[in-house]
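In the UniProt record's numbering, the protein residues as written are 1 to 192. Virtual Cβ for every residue (Gly too), placed ideally from N, Cα, C. Computed from a predicted structure; not experimentally measured.
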């Protein structure tokens, strides 16, 4: 991810990512090893025994509200509309801001309905439950009744499963989710 210590070291050739094929193979192997030991994949990169899944993360995937405190934290609240807050990332700058301004908020923005829908899809598809949300109901209904070509292709390739009120990434789709999300969001923009 850009602007992270890993990315900066990678750019300076101090850290290396494995080739895509090797990364995919390691991912599949991880999924299989976890399954062999009774750990179900319930999110894109989280595994647990049945009944022991993280309840905390479920709130994110289902577009719940949360308040993040401290340097780099993020929040999502439903005030008069969906509002996104982010905190100053640098701990020293955050603390100085808290001491002088009494808060460490770096950014506060109101999400329009389209941005909120995109966030629901991007977060929801990271869970095995997928997306089923009131804001998405008209989009999901359209997809179920007349699947757009890009979504149909992802479905035919085995990356997505579509039901009347839910869309979810398959196990195969989890492995490539970051690559297919732009096509899904583009369809959301066109259909939503």
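**Prompt:** What span of residues does the beta strand (DSSP E) with residue 161 cover, start to end?
**Reply:** For the purposes of this step, residue 161 is taken as the residue at position 161 of the chain shown. Where residue 161 is concerned, the enclosing beta strand (DSSP E) stretches over 160-163.
**Request:** Using DSSP bridges, identify the partner residues of residue 107.
**Result:** Residue 107 sits at position 107 when you count from the first residue of the chain shown. DSSP, once it has assigned bridges, lists 86 as partnering residue 107.
**Asked** Looking at the structure shown, is residue 29 part of a helix, part of a strand, or coil, going by DSSP?
**Response** Locating residue 29 in the chain shown gives position 29, where the first residue counts as 1. Helix at residue 29.
**Prompt:** What three-state label does DSSP hand residue 46 in the structure shown?
**Reply:** Looking up residue 46 in the chain shown gives position 46. Residue 46: strand per DSSP, three-state reduction.
**Residues bridged to residue 78 [DSSP beta-bridge criterion]** = Along the chain shown, one-based indexing puts residue 78 at 78. Answer is 82, bridged to residue 78.
**Item:** Reduced DSSP category for residue 120 - H, G, I as helix; E, B as strand; rest coil
**Value:** For this step, residue 120 is matched to residue 120 along the chain shown. Reduced to three states, the DSSP call for residue 120 is helix.
**Prompt:** In three-state DSSP terms, what is residue 73?
**Reply:** Within the chain shown, the letter at position 73 stands for residue 73. It is coil, neither helix nor strand.
**Asked** Would you report the Cα separation of residue 7 and residue 18, rounded to the nearest angstrom?
**Response** Looking up residue 7 in the chain shown gives position 7. Looking up residue 18 in the chain shown gives position 18. The straight-line gap from Cα to Cα measures roughly 14 Å.
**Prompt:** Any contact of the stretch 165-175 with the stretch 137-149, i.e. 3+ C-beta pairs under 8 Å?
**Reply:** yes
**Top-ranked residue by Cα proximity to residue 130, from 58, 70 and 187** = In the chain shown, the residue the question calls residue 130 occupies position 130. Selected option, being the one with the closest Cα: 58.
**Asked** On the three-pair Cβ rule with 8 Å, is the stretch 76-83 touching the stretch 106-123?
**Response** yes
**Request:** Please name the residue in 56, 39, 63 and 171 whose C-alpha comes closest to that of residue 132.
**Result:** As a working note, residue 132 is residue 132 in the chain shown. It is 63 whose Cα lies nearest to the Cα of residue 132.
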